[in-house]
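K.L.:
In our numbering, the protein residues as written are 1 to 414. Below is a structure I'd like to ask you about.
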Ligand SMILES: NC(=O)c1ccc[n+]([C@@H]2O[C@H](COP(=O)([O-])OP(=O)(O)OC[C@H]3O[C@@H](n4cnc5c(N)ncnc54)[C@H](O)[C@@H]3O)[C@@H](O)[C@H]2O)c1
């Protein structure tokens, strides 16, 4: 594990605890133990606190800290590395881990530029390992059903839609305070919906254009480069040349006393139908004196992640947030133990072909993130209103400022 912050505690920790009690098991792979062997982080403080909290039945991971924490982790006996550092620090950790021959899982957004993405794809290929990205929204049963309806032709030809994901102020104000300067909530959370759109309605279509704007002044100075909220617009062309456009609104300055942890809503309009989903208001509404809406929320989403006492008395933590990570270990187990050694490369190729999480299927999402960050950078420099074109006559990703010459930010085809 590289990085041991909020998402580690929310999803990886409970998954490793659960895998300790119930290892992976299928007819093909047999029983495969998944152990948290070591944690690399800068100070090691949180790892130490966790080591003190785990009871004696849980095998304690080694605490690797300091500037060489990753090198120490990579020289130990690990097969897989999960990268959950801040988003602008994913690339180096993932690249070094792939070079060391480890299978890699990266938290969303995978990386921030297509040049970085190309390097990770190359390293994964050269070292015969998997490099995957966590996109847990694809594991949400509602989203699986949306895609199932699309694949079965029940919903046909998406034309437009909107998605919104609003995080509370505590995220920008305290949780991420250390690394928030220069960052934006679009990169942090719009990617959830970028992948949902790209994966559910693709792959035959083509990404065409990206535009974005945003607001500042709460997390950082009004004219600085740290963003409170971002509105992103992306346009694709279907094979029949008809266009589809989506607006994705994100923020990390929603009041902390908001009734849910995050506000999440989508609406997609098709030739023959409409899909409206509220990811928070799924039917449960509760109030507890003195606790809601702060440490408990009025409209919780227990499908993503919840702690439960199972009907048979066992304490558990489960949800699609954990399933997405477990699936990575299942894919690795399939490559390593799913058949004869001489057929490993065939199994690796099959697992690489899975577009829900393979790094090679992340091109459109990374292109949009790179373009959005470049557009916001222009705006922070006093030049709002630019947009980016994808795979046009001038290059793979080209930024068109409102005034001045276009700038190629990625020359090869996206
Ligand atoms: N899947 C999801 O829904 C989801 C939710 C939240 C966060 N995330 C992603 O997870 C990643 C981490 O987010 P978080 O909320 O846990 O952040 P966080 O700030 O709570 O934790 C970041 C961790 O990374 C460590 N770190 C920072 N720089 C490092 C470096 N160079 N080497 C090693 N460790 C380093 C920090 O010490 C800390 O332990 C981000 O990419 C974020 O986008 C995903």
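Just so you know, even glycine gets a beta-carbon here, dropped at the ideal spot from N, CA and C. Here the structure is a predicted model, which means the values were calculated and not measured.
May I ask which residues mark the beginning and end of the beta strand (DSSP E) holding residue 387?
P.N.:
Numbered from 1 along the chain shown, position 387 holds the residue referred to as residue 387. Residue 387 -> beta strand (DSSP E) spans 387–392.
K.L.:
Helix, strand or coil: which one does DSSP assign to residue 52?
P.N.:
By one-based count along the chain shown, residue 52 stands at place 52. Residue state, collapsed to three classes: helix.
K.L.:
Could you check whether residue 44 and residue 82 sit closer than 9 Å to each other, using their CB atoms as the reference points?
P.N.:
The residue given as residue 82 occupies position 82 in the chain shown. The residue given as residue 44 occupies position 44 in the chain shown. Their beta carbons are not under 9 Å apart, which means residue 82 does not touch residue 44 by this criterion.
K.L.:
Would a C-beta distance cut-off of 9 Å place residue 169 and residue 256 closer than the cut-off?
P.N.:
If you number the chain shown from 1, residue 169 lands on position 169. If you number the chain shown from 1, residue 256 lands on position 256. Closer than 9 Å, so yes.
K.L.:
According to DSSP, is residue 175 helix, strand or coil?
P.N.:
Position 175 of the chain shown, counting from 1, holds the residue named residue 175. The DSSP-derived three-state label of residue 175 is helix.
K.L.:
Label residue 75 either buried or exposed according to how many other C-beta atoms from any shown protein chain fall within 10 Å of its C-beta, with 16 as the threshold for buried.
P.N.:
Start at 1 with the first residue of the chain shown, and residue 75 comes out as number 75. By the neighbour-count rule (16 or more Cβ atoms within 10 Å), residue 75 is not buried but exposed.
K.L.:
Give the range of the alpha helix (DSSP H) segment to which residue 321 is assigned.
P.N.:
By 1-based counting over the chain shown, the position of residue 321 is 321. Unbroken alpha helix (DSSP H) run through residue 321: 320–337.
K.L.:
Nearest to residue 304 by CA position, among 298, 313, 292, 317, is which residue?
P.N.:
For the purposes of this step, residue 304 is identified with residue 304 of the chain shown, where counting begins at 1. Ranking 298, 313, 292, 317 by Cα distance to residue 304 puts 317 first.
K.L.:
Using CA atoms only, rank isn't needed, just tell me which of 403, 376, 406, 394 is closest to residue 182.
P.N.:
Here residue 182 corresponds to residue number 182 of the chain shown, with the count starting at 1. Ranking the options by Cα distance to residue 182, first place goes to 376.
K.L.:
Are residue 120 and residue 110 closer than 9 Å when you measure CB to CB?
P.N.:
Numbered from 1 along the chain shown, position 120 holds the residue referred to as residue 120. Numbered from 1 along the chain shown, position 110 holds the residue referred to as residue 110. Cβ distance < 9 Å, so residue 120 and residue 110 count as in contact.
K.L.:
Could you pull out every residue in the same chain whose Cβ sits closer than 8 Å to the Cβ of residue 414, ignoring the five residues on either side in sequence?
P.N.:
Here residue 414 is taken as the residue at index 414 of the chain shown, counted from 1. Closer than 8 Å at the Cβ level, and outside the excluded window around residue 414, lie 114, 207, 363, 364, 367, 390, 391, 396, 397.
K.L.:
Indicate the three-state DSSP secondary structure (helix, strand or coil) for residue 276 in the structure shown.
P.N.:
Within the chain shown, the letter at position 276 stands for residue 276. Strand at residue 276.
K.L.:
Check whether the Cβ atoms of residue 381 and residue 357 lie closer than 9 Å to each other.
P.N.:
On the chain shown, residue 381 is found 381 positions in, with the first residue counted as 1. On the chain shown, residue 357 is found 357 positions in, with the first residue counted as 1. No; because the gap between Cβ atoms is not below 9 Å, this pair is not in contact.
K.L.:
Is residue 410 helix, strand or coil by DSSP?
P.N.:
In the chain shown, residue 410 corresponds to position 410, counting from 1. Correct three-state label for residue 410: strand.
K.L.:
Comparing C-alpha positions only, which one of 297, 218, 103 sits nearest to residue 251?
P.N.:
Along the chain shown, one-based indexing puts residue 251 at 251. Out of 297, 218, 103, 218 has the C-alpha closest to the C-alpha of residue 251.
K.L.:
Under a three-way DSSP split, which group does residue 67 fall into?
P.N.:
Within the chain shown, numbered from 1, the residue matching residue 67 stands at position 67. Residue state, collapsed to three classes: coil.
K.L.:
List, from N- to C-terminal side, the alpha helix (DSSP H) runs of 4 residues or more that fit wholly inside the segment 11–45.
P.N.:
The segment 11–45 is shown to contain whole alpha helix (DSSP H) runs of 4 or more residues at 13–21, in chain order.
K.L.:
Decide if the segment 235–246 is in contact with the segment 273–280; the criterion is three or more beta carbon pairs, one per stretch, under 8 Å apart.
P.N.:
Under the 8 Å Cβ criterion, the segment 235–246 does not count as touching the segment 273–280, having fewer than three qualifying pairs.
K.L.:
Can you give the beta carbon distance from residue 138 to residue 196, rounded, assuming they're within the 8 Å contact cut?
P.N.:
Sequence index remark: in the chain shown, residue 138 carries index 138 (1-based). Sequence index remark: in the chain shown, residue 196 carries index 196 (1-based). Indeed they touch by this definition, with Cβ atoms about 7 Å apart.
K.L.:
Measuring CA to CA, which of 173, 149, 212, 84 is closest to residue 4?
P.N.:
Within the chain shown, residue 4 is the residue found at index 4, counting from 1. Cα-wise, what sits closest to residue 4 is 84.
K.L.:
Where do the N-terminal and C-terminal ends of the beta strand (DSSP E) with residue 249 fall, by residue?
P.N.:
Residue mapping note: residue 249 aligns to position 249 of the chain shown, counting from 1. 243–254 is the span of the beta strand (DSSP E), which, as asked, contains residue 249.
K.L.:
For residue 63 and residue 48, which I take to be in contact (beta-carbon distance under 8 Å), what is that distance rounded to the nearest angstrom?
P.N.:
Here residue 63 corresponds to residue number 63 of the chain shown, with the count starting at 1. Here residue 48 corresponds to residue number 48 of the chain shown, with the count starting at 1. The pair is a contact, with the Cβ atoms about 6 Å apart (cut-off 8 Å).
K.L.:
I'd like to confirm something about residue 11: is its beta-carbon nearer than 8 Å to some heavy atom of ligand 1, or not?
P.N.:
For the purposes of this step, residue 11 is taken as the residue at position 11 of the chain shown. Checking the Cβ of residue 11 against ligand 1 gives yes.
K.L.:
Less than 9 Å separating the beta-carbons of residue 161 and residue 242?
P.N.:
Position 161 of the chain shown, counting from 1, holds the residue named residue 161. Position 242 of the chain shown, counting from 1, holds the residue named residue 242. In this structure, residue 242 does not lie closer than 9 Å to residue 161 by Cβ.
K.L.:
Is residue 201 helix, strand or coil by DSSP?
P.N.:
Numbered from its first residue, the chain shown carries residue 201 at position 201. If DSSP states are grouped into helix, strand and coil, residue 201 belongs with the helices.
K.L.:
Assuming residue 2 is part of the beta strand (DSSP E), what are its boundary residues?
P.N.:
Counting from one through the chain shown, the residue named residue 2 turns up at place 2. Here residue 2 belongs to no beta strand (DSSP E), and DSSP marks it neither H nor E.
K.L.:
My assumption, with CB atoms under 8 Å, is that residue 134 sits in contact with residue 107. Please give the rounded CB distance.
P.N.:
Position 134 of the chain shown holds residue 134. Position 107 of the chain shown holds residue 107. Residue 134 to residue 107, Cβ: 5 Å. Contact.
K.L.:
Closer than 8 Å to a non-hydrogen atom of ligand 1 - does that hold for the CB of residue 192?
P.N.:
Taking the chain shown and counting its residues from 1, one reaches residue 192 at position 192. For ligand 1, at least one heavy atom lies less than 8 Å from the Cβ of residue 192.
K.L.:
Going by DSSP in three states, residue 363 sits in which element: helix, strand or coil?
P.N.:
Residue numbering aside, residue 363 sits at position 363 when the chain shown is read from its first letter. Helix, per DSSP.
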